[in-house]
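Asks:
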Amino acid sequence: MKLTHLSKRDWSILMGNILDNFDSAIYGFIAPIIAPLFFPNQDPVVQLILIYALLASSLVTRPLGAFIFGSFANRKDPGKILSVTLIGVALLTSAIGFLPTYATAGWYAPLYLILVRLVRGLFSAGESTIAKLYILEDKSRSQSLSISHMYQSSTVLGIIFASLSVTLIAHTEIPSAYWRIPFWVGSATGLVGVYLRWKKLPEKLVQKKEELTSIRLLWTERLGVLKIAFANNVSQLTYGIPFVFLNTFVPLVTAITLEEMMVLNTVFLGLDMLLIPFFGKYLKRFSVKKVMFWSSAFLALTCIPLFCFLENSSLIYVTFIRCWIVMLGLIYLCPLNVWSLDQFSGTKKYLLIGMGNALSAGTVGRLSTAACLFLWHETGWIWAPALYMTVFFALGAVAVWASKDSCAEHKNPS
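Here numbering that gives the first Met the number 0 is used: position 343 in the sequence shown is 342, and no number is missing along the way.
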């Protein structure tokens with residue numbers, strides 16, 4: 000699908016997605032800088048575990064947000080709901096930039112941070128629940144695959160901007176003096192995204208009323224929702240491990256610095272964005288199910304051997320590990336949204352796919368860095384984080400293998 004063939008709705012969602020992911024990625028990248036500001040009395044590793052553990056709030060808020068906004072999207076106008084969710088993300092991102100640190104508020108500082116992230120998680124879950132599916136409305140299967148690759152590229156572009164912002168801050172003399180700026184910039188860009196969506200998204204789509212209540216529907220389709228969650232775990236890890244966890248972990252076990260890791264982070268994200276369309280076009284020739292299964296299976300088989308040699312390794316070896324996870328993750332990611340759509344039909348997809356994604360993002364997606372750091376800290380085994388990854392990569396492969404393999408076309412409107 001060519002850029003010139005994108006509708007105003009498509010452009011508004013892609014641009015809004017760039018801005019939303021800029022907002023969402025800031026916290027993960029800047030966490031090593033702000034950890035001493037919120038937990039100054041802990042040793043450096045515990046500081047990192049605690050700052051990433053604050054993301055545990057998503058265990059509640061992301062499924063709840065997906066349920067609330069997914070239910071609305073099943074019955075109301077998804078376009079207008081997307082504007083509401085992005086407003087919430089923008090305002091609450093800005094609020095993080097105004098929070099006091101431990102030096103001025105004591106233990107209230109991390110408490111305030113938890114509360115703001117709790118509420119933000121509701122809106123963020125609604126955003127991710129609806130946007131990636133709404134942009135595929137009324138597309139043929141070939142168009143859906145192409146637009147899915149564009150959507151994934153727009154996600155990475157937003158993360159690149161976030162990584163670049165934190166990279167610049169990390170190279171200043173006092174990074175902790177500038178940590179608030181990206182949150183303020185993110186909130187401003189989020190409001191620009193709201194304007195684009197409000198002006199460009201069409202009026203309410205005609206949708207059928209669900210025969211089952213949202214709760215009954217989730218229970219009836221619980222196995223399908225779990226498959227979505229386990230499959231999405233692979234995508235969460237192939238972003239979170241190379242682009243968040245390794246930034247924090249590598250400086251602890253090698254002589255490589257955070258500044259060097261952040262520079263590599265931005266470079267790899269740029270490579271990631273450029274390769275998505277290439278892989279996406281090539282992979283359209285193959286079965287979606289087989290592509291996802293084999294890429295996740297290879298990740299499960301290779302993680303532990305790769306991590307066994309990570310301690311005191313060179314920048315070249317760290318780059319190789321990153322490259323391996325990123326490349327296989329890209330192969331897996333390209334058809335993920337279309338595979339998700341194959342699992343459900345009708346308007347119920349917003350709630351069911353959204354809940355599966357939220358369960359994944361709220362657990363594996365948000366807690367993996369804290370969990371991997373904790374496993375290494377407690378065991379002292381350099382490969383302990385890889386054991387964690389292997390389990391979820393294997394479960395993802397099983398979930399994909401047990402899923403539907405539909406090749407039905409998403410019909411164009413008459």
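We treat Cβ as the ideally placed atom computed from N, Cα and C, and that holds for glycine.
Are the stretch 62-76 and the stretch 348-358 in contact at 8 angstroms, needing three or more beta carbon pairs?
Replies: yes
Asks: Report yes if the C-beta distance between T247 and L372 is below 8 angstroms; otherwise report no.
Replies: For T247 and L372, yes; Cβs fall inside 8 angstroms.
Asks: How should V415 be labelled, buried or exposed, when 16 other C-beta atoms within 10 angstroms of its C-beta is the threshold for buried?
Replies: Because the chain spans 0 through 413 in this model, residue 415 falls outside it and cannot be assessed.
Asks: Using CA atoms only, rank isn't needed, just tell me which of F392, G364, A383 and G395 is closest to R23.
Replies: One point to set straight first is that residue 23 is Ser, not Arg, in the sequence displayed. Here the closest residue by C-alpha is G364.
Asks: Ignore the nearest five residues each way along the sequence and tell me which others in L13's own chain have a CB closer than 7 angstroms to its CB.
Replies: M149, Y150 and S153
Asks: Take M326 as the anchor and find which of F242, M260, I255 and S57 has the nearest alpha-carbon.
Replies: F242
Asks: Quick one: measure Cβ to Cβ for E234 and Y331, integer angstroms, because I've assumed they're closer than 8 angstroms.
Replies: Note on identity: in this sequence residue 234 is Ser, with Glu being the wrong assignment. Yes, S234 and Y331 are in contact; Cβ-Cβ is about 6 angstroms, under 8 angstroms.
Asks: Note down the Cα distance separating I168 from V262, rounded to an integer number of angstroms.
Replies: 11 angstroms
Asks: Give me the Cβ distance between V337 and V287, rounded to the nearest whole Å; I'm assuming they're in contact under 8 angstroms.
Replies: 6 angstroms
Asks: Less than 8 angstroms separating the beta-carbons of Y101 and P39?
Replies: yes
Asks: With C-beta atoms as the reference, is P418 less than 8 angstroms away from M291?
Replies: Any answer about residue 418 is impossible in this case: the structure gives the chain only from 0 up to 413.
Asks: V165 to Y316, Cα distance in whole Å?
Replies: 24 angstroms
Asks: Taking the straight line between their C-alpha atoms, what separation do you get for A104 and V399?
Replies: 47 angstroms
Asks: Around the Cβ of F308, are there at least 16 other Cβ atoms within 10 angstroms (buried) or fewer (exposed)?
Replies: With fewer than 16 other CB atoms across the displayed protein chains lying within 10 angstroms of its CB, F308 is exposed.
Asks: Per DSSP, what kind of secondary structure is I173 in: helix, strand or coil?
Replies: coil
Asks: For N16, name the three-state secondary structure that DSSP assigns.
Replies: In this structure, N16 counts as helix in the three-state DSSP scheme.
Asks: Residue range of the alpha helix (DSSP H) that K283 falls in?
Replies: It is not in any alpha helix (DSSP H) - K283 carries neither H nor E in the DSSP assignment.
Asks: For the alpha helix (DSSP H) containing T237, name the first residue and the last one.
Replies: R221 to G239
Asks: Using 8 angstroms for Cβ pairs, my map puts I25 next to A130. What's the rounded Cβ distance?
Replies: That belief does not hold up - the Cβ atoms of I25 and A130 are roughly 19 angstroms apart, past 8 angstroms.
Asks: Grab me the residues of A124's own chain with a C-beta within less than 6 angstroms of its C-beta, minus the 5 sequence neighbours each way, in chain order.
Replies: R61, G64, A65 and A357
Asks: Flag this pair as yes or no: are the beta carbons of F392 and C322 separated by less than 8 angstroms?
Replies: no
Asks: State the Cα-Cα distance for the pair L47 and T368, rounded to the nearest angstrom.
Replies: Each residue's alpha carbon lies about 9 angstroms from the other.
Asks: Taking its Cβ as the centre, do 16 or more other Cβ atoms sit within 10 Å of E408, making it buried, or is it exposed?
Replies: For E408, the predicted model reports a pLDDT of 41, less than 50, meaning its position is unreliable; a value from the coordinates is still stated below. E408 is exposed by the Cβ-count criterion.
Asks: Could you check what DSSP says for K7 in three-state terms: helix, strand or coil?
Replies: DSSP, reduced to helix, strand and coil, places K7 within a helical segment of the structure shown.
Asks: Taking C-beta to C-beta, are L441 and V115 nearer than 8 angstroms?
Replies: Outside the modelled stretch of the chain, which goes from 0 to 413, sits residue 441, for which no answer is possible.
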